[in-house]
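Trainee:
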Amino acid sequence: MLLFRLLRKYLTTFGKYLILMGRAFSVPEKMRMFMKRYVKEMAQLGVDSIPIVLLISFFIGAVICIQMKVNIESPWMPHWVAGYTTREIMLLEFSSSIMCLILSGKVGSNIASELGMMRVTQQIDALEIMGVNSASYLILPKILGMMTIMPFLVIFSSAMGIFGAYGTAYIGHIISPDDLTMGIQHCFNSWFMWMSIIKSIFFAHIISSVSSFFGYTVEGGSVEVGKASTDAVVCSSVLILFSDVFLTQLLS
């Protein structure tokens, strides 16, 4: 009985999500206004996230390089293995999946709290009264803006992670720069970069749409806005992890 109630609750929530996305993905009524909000959302959600992406990626790339060099060092293993594994980890998982998990906390909570406060202060109701499709007006620019800027964040993250590995080579003297360069260039498969970008676009849609749903459907006051923000981060993180498994299997 409890399992049936949970299943009905999740299916009801999923149905409401699909209905909201159907309203959101409609042709904008005023293209000029849509483009203005689209550019604003790209700057607010993506460009403002660049500093934290670069900072985290730099230190993660440095730490991965150090760990690989220290823990898998063996006379039977080539010296360039640390650089090779650093590149593969940054391209295949960190720059797409893990970075999107981190951004789901920053961007997802931002979207959910913004739309939630608009709901409890009746700004969304005012848009509906004026005959505006509030779902398309508020949510669509966020989704498209996030999906547009996320591939650039992935590229910046991968480049900064490799730059962090070079920081350990030149400053920490953990590995020689020549060995690191040889490892980074060894058997490079350009499809891994494209696979990371494709995955990030799906994850960007999950973060923006799920967070928008929880914020848009808030009922109550400021306490419910905080709960919706937390639920948005948790739900989008879980969905990213599940979809990462299927996308990796599908694209590999």
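Residue numbers for the sequence shown, in the working numbering: 891 to 1142. Cβ coordinates follow ideal geometry from the N, Cα and C atoms, glycine included.
Report the residue from ILE1096, VAL929 and THR1071 whose alpha carbon sits nearest the alpha carbon of SER1133.
Mentor: In the sequence shown, residue 1133 corresponds to position 243, counting from 1. Comparing Cα-Cα distances from SER1133 to each of ILE1096, VAL929 and THR1071, the minimum goes to ILE1096.
Trainee: Whole alpha helix (DSSP H) runs in the segment 972-1015 with 4 or more residues, listed along the chain?
Mentor: 989-993 and 999-1010, all fully within the segment 972-1015.
Trainee: Out of ASN1023, GLY998 and ILE1065, point me to the one whose CA is closest to LEU1033's CA.
Mentor: Translated into the one-based positions of the sequence shown, residue 1033 becomes position 143. One detail in the question is off: residue 1033 reads as Ile in this sequence, not Leu. Comparing Cα-Cα distances from ILE1033 to each of ASN1023, GLY998 and ILE1065, the minimum goes to GLY998.
Trainee: From the beta carbon of ALA1025, is the nearest beta carbon of chain D less than 7 Å away?
Mentor: The structure shown contains no chain D; it holds only a single protein chain.
Trainee: What separation, rounded to the nearest whole angstrom, lies between the Cα atoms of SER1126 and ASP938?
Mentor: Residue numbering aside, residue 1126 sits at position 236 when the sequence shown is read from its first letter. Residue numbering aside, residue 938 sits at position 48 when the sequence shown is read from its first letter. For SER1126 and ASP938, the distance between alpha carbons rounds to 20 Å.
Trainee: Tell me whether PHE915 sits in a helix, a strand or coil according to DSSP, three-state version.
Mentor: Start at 1 with the first residue of the sequence shown, and residue 915 comes out as number 25. Residue state, collapsed to three classes: coil.
Trainee: Leaving out five residues on either side along the sequence, give the residues of the same chain with a beta carbon under 8 Å from the beta carbon of ILE1014.
Mentor: Indexing the sequence shown from 1 puts residue 1014 at position 124. The answer, listed in chain order, is LEU1005, MET1008, SER1024, LEU1028 and TYR1106.
Trainee: Under the three-state reduction of DSSP, which class applies to VAL1022: helix, strand or coil?
Mentor: Looking up residue 1022 in the sequence shown gives position 132. Coil at VAL1022, not helix or strand.
Trainee: Span of the alpha helix (DSSP H) holding GLN934?
Mentor: For the purposes of this step, residue 934 is taken as the residue at position 44 of the sequence shown. GLN934 -> no alpha helix (DSSP H), and no H or E assigned at all.
Trainee: In angstroms with no decimal places, state the Cα-to-Cα distance between PHE1103 and LEU1070.
Mentor: Taking the sequence shown and counting its residues from 1, one reaches residue 1103 at position 213. Taking the sequence shown and counting its residues from 1, one reaches residue 1070 at position 180. Straight-line Cα distance between these residues: approximately 45 Å.
Trainee: If MET1083 sits next to SER1047, beta carbons under 8 Å apart, how far is it from one beta carbon to the other, in whole angstroms?
Mentor: Residue 1083 sits at position 193 when you count from the first residue of the sequence shown. Residue 1047 sits at position 157 when you count from the first residue of the sequence shown. That pair is no contact at about 12 Å.
Trainee: Please report how far the alpha carbon of ALA1059 lies from the alpha carbon of ILE1052, in whole angstroms.
Mentor: Numbered from its first residue, the sequence shown carries residue 1059 at position 169. Numbered from its first residue, the sequence shown carries residue 1052 at position 162. Looking at the two C-alpha atoms, the distance is approximately 11 Å.
Trainee: Suppose only complete runs of 4+ residues qualify. What are the alpha helix (DSSP H) ranges in the segment 1045-1095, listed by chain order?
Mentor: Qualifying alpha helix (DSSP H) stretches, in chain order: 1067-1075.
Trainee: Apply the 10 Å Cβ neighbour rule to LYS959 and answer buried if 16 or more other Cβ atoms are within range, or exposed otherwise.
Mentor: Counting from 1 along the sequence shown, the entry for residue 959 is found at position 69. Buried, by the Cβ-count rule.
Trainee: Can you tell me where the alpha helix (DSSP H) holding SER1142 begins and where it ends?
Mentor: What you label residue 1142 is simply residue 252 of the sequence shown in a count that begins at 1. Counting along the chain, SER1142 falls outside any alpha helix (DSSP H), and DSSP gives it neither H nor E.
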